[in-house]
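Structure first, then comments.
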Amino acid sequence: MLSDSAKQKIQELKARYPQARSAIMPALYVAQEEYGWLPQEAIDQVAAEMGMTSTEVGSVASFYTMFHLKPVGEHVIEFCTDLPCALAGADAAYERLCHRLGLDHEQETTADGAITLRHAPCLGGCDKVPVLLVDNSTQYQSMTDEKLDALVAALRAGGKR
Ligand code: FES
Numbered sequence: 001m002l003s004d005s006a007k008q009k010i011q012e013l014k015a016r017y018p019q020a021r022s023a024i025m026p027a028l029y030v031a032q033e034e035y036g037w038l039p040q041e042a043i044d045q046v047a048a049e050m051g052m053t054s055t056e057v058g059s060v061a062s063f064y065t066m067f068h069l070k071p072v073g074e075h076v077i078e079f080c081t082d083l084p085c086a087l088a089g090a091d092a093a094y095e096r097l098c099h100r101l102g103l104d105h106e107q108e109t110t111a112d113g114a115i116t117l118r119h120a121p122c123l124g125g126c127d128k129v130p131v132l133l134v135d136n137s138t139q140y141q142s143m144t145d146e147k148l149d150a151l152v153a154a155l156r157a158g159g160k161r
């Protein structure tokens, strides 16, 4: 259930836009921050706060990869394997990182719940492969295997977001 402060934040966000429904994405971030991901209950509550249908809210949440429709680890690595990066070797780098994290193609989150690794569409750094985004906030480019190892170790050492 969304907290009262989260509901208030959503109402404040709505007031910033000429059309309240334009606040849908920041409102989904508020809910995702509270739940850690977006279960149907969160979608329904955002819909109620926004005056929209659950279908409308769910369609926005499912369109953008930064919204998590299933539980994720404490940190989320979004790894670009879009075509320009794939042509420059991103798929192989992704596979190596999967292997290092002990993940297979069915599993996105490490057994200890620390890290979720996901494919991502273009992150806007196509000439500096591999490119990845951590926790929707920090982009890393030109990552070598050594840099990836160091990043994973730092994320594990850093604990929760
Ligand atoms: S295609 Fe990977 S960053 Fe653009």
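Residue 153 in my numbering is what sits at position 153 of the sequence shown, and the numbering runs on without skipping anything.
All C-beta atoms in this analysis are idealised placements derived from N, C-alpha and C, irrespective of residue type, glycine included.
Complete alpha helix (DSSP H) runs within the segment 75-146 (minimum length 4 residues, chain order) | Assignment of alpha helix (DSSP H) within the segment 75-146, counting only whole runs of 4 or more residues, yields 83-87, 90-101 in chain order.
Rounded C-alpha distance that separates H68 from E33 | For H68 and E33, the distance between alpha carbons rounds to 11 angstroms.
Could you please give the first and the last residue of the uninterrupted alpha helix (DSSP H) stretch that includes F63?
-> Looking at the DSSP string, the run of the alpha helix (DSSP H) that includes F63 is 54-63.
Do you know offhand how far G125's Cα is from A23's?
-> The C-alpha of A23 is placed about 28 angstroms away from the C-alpha of G125.
Look at the Cβ atom of C80, then the Cβ atom of A90, and state whether they are nearer than 8 angstroms.
-> In terms of Cβ geometry, C80 and A90 form a close pair [threshold 8 angstroms].
Could you tell me whether any non-hydrogen atom of ligand 3 is closer than 7 angstroms to the CB of V131?
-> Because ligand 3 does not appear in the structure shown, any question about it cannot be addressed here, the ligands present being ligand 1.
For ligand 1, enumerate in chain order all residues having a CB closer than 6 angstroms to any of its heavy atoms.
-> This criterion selects C80, D82, P84, C85, C122, L123, G124, G125, C126, V131.
From what residue to what residue does the alpha helix (DSSP H) around Y29 run?
-> Looking at the DSSP string, the run of the alpha helix (DSSP H) that includes Y29 is 24-35.
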